[in-house]
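A short worksheet on the structure shown next.
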Amino acid sequence: GENVEQHPSTLSVQEGDSAVIKCTYSDSASNYFPWYKQELGKRPQLIIDIRSNVGEKKDQRIAVTLNKTAKHFSLHITETQPEDSAVYFCAARGYGNKLVFGAGTILRVKS
Amino acid sequence: DSGVTQTPKHLITATGQRVTLRCSPRSGDLSVYWYQQSLDQGLQFLIQYYNGEERAKGNILERFSAQQFPDLHSELNLSSLELGDSALYFCASSVGSGNTIYFGEGSWLTVV
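Protein sequences, first through last, are from chains Y and G. Following our numbering, the numbering of the first sequence begins with 136 at its first residue and continues without gaps. Following our numbering, the numbering of the second sequence begins with 23 at its first residue and continues without gaps.
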């Protein structure tokens, strides 16, 4: 089945700097890659997603890139703000339509 | 508010007991998913239903079972509870199997 690895597990950046989180997946048939943000004790919320027929997608300060050949995708957050501090999860939908999540990245934005 | 409703929000029970967690999907969504999130853990996929039928299964223990009813709400039954079952259980829903999923607020289960 699908396996998703996410790095780094923790990331600290200075306010205003960029943050990059990377994920790799194992199932070459995977075609949908969402990113979720989860604040402490709250539900994961979708922040951006990308499908396999595009290589990049942007939404204001957030962008996601996908490299299907290498089977990896990344989340880029520019001009980070303290409210960006949270746990970020990547996910991939592969065989059987199962949405499998990475282990998460704790992002801390220091002001 | 995602539109996915989960009850109860918090539950404390003893080892060996059985509990039922309930989920109402967003209006119009046919798929329901259950995920388990333990402390410092990621989101572990348990099971997915689509329009009343089991669609995909993850690492769900034999002590756990789930179903989706004709009105599309779903229940996750956890039996013979152990301390390690303490976790946040999320339900999520989507229109179909290949669409964006939206999470509920979760049910906090504490086993003592």
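No residue lacks a Cβ here, since even glycine has one placed at the ideal position from N, Cα and C. All values reported here derive from a predicted model rather than from experimental measurement.
Under the rule that 16 or more other beta-carbon atoms within 10 Å means buried, what is residue i, buried or exposed?
{"i": "G:V26", "result": "buried"}
{"i": "G:I34", "result": "exposed"}
{"i": "Y:R186", "result": "exposed"}
Roughly how far, in whole angstroms, is the beta-carbon of residue i from the beta-carbon of residue j, given that I think they are within contact range, below 8 Å?
{"i": "G:S87", "j": "G:R48", "result": "That belief does not hold up - the Cβ atoms of G:S87 and G:R48 are roughly 23 Å apart, past 8 Å."}
{"i": "Y:A238", "j": "G:G64", "result": "4 Å"}
Between which two residues does the beta strand (DSSP E) holding residue i run?
{"i": "G:N99", "result": "S96 to L100"}
{"i": "Y:A198", "result": "I197 to N202"}
{"i": "Y:K177", "result": "Premise fails: Y:K177 is in no beta strand (DSSP E) and is neither H nor E."}
{"i": "G:T42", "result": "V41 to S46"}
{"i": "Y:S209", "result": "H207 to I212"}
{"i": "G:Y129", "result": "The sequence given here has Ser at residue 129 of chain G, not Tyr. S129 to V133 is the span of the beta strand (DSSP E), which, as asked, contains G:S129."}
{"i": "Y:E150", "result": "Neither: Y:E150 is in no beta strand (DSSP E) and is coded neither H nor E."}
{"i": "G:L33", "result": "H32 to T35"}
Starting from residue i, find everything on chain Y with Cβ-Cβ shorter than 8 Å and list it in chain order.
{"i": "G:R77", "result": "G231 and N232"}
By the criterion of Cβ-Cβ separation under 7 Å, what are the contact partners of residue i in chain G?
{"i": "Y:L201", "result": "None at all; the shortest Cβ gap to chain G is about 16 Å."}
{"i": "Y:V235", "result": "F67"}
{"i": "Y:D162", "result": "Under the 7 Å cutoff, chain G gives no residues; its nearest Cβ is about 13 Å from Y:D162."}
From the DSSP output, in three-state form, read off residue i for me.
{"i": "G:E104", "result": "coil"}
{"i": "Y:E191", "result": "strand"}
{"i": "Y:E218", "result": "helix"}
If the cut is a Cβ gap below 8 Å, which residues of chain G does residue i touch?
{"i": "Y:P179", "result": "L65, F112 and F125"}
{"i": "Y:R243", "result": "Neighbours of Y:R243 on chain G: none; closest Cβ ~15 Å, over 8 Å."}
Going by the C-beta, is residue i closer than 6 Å to any heavy atom of the ligand SAH?
{"i": "Y:D162", "result": "Absent from the structure shown: the ligand SAH. Ligands present: none."}
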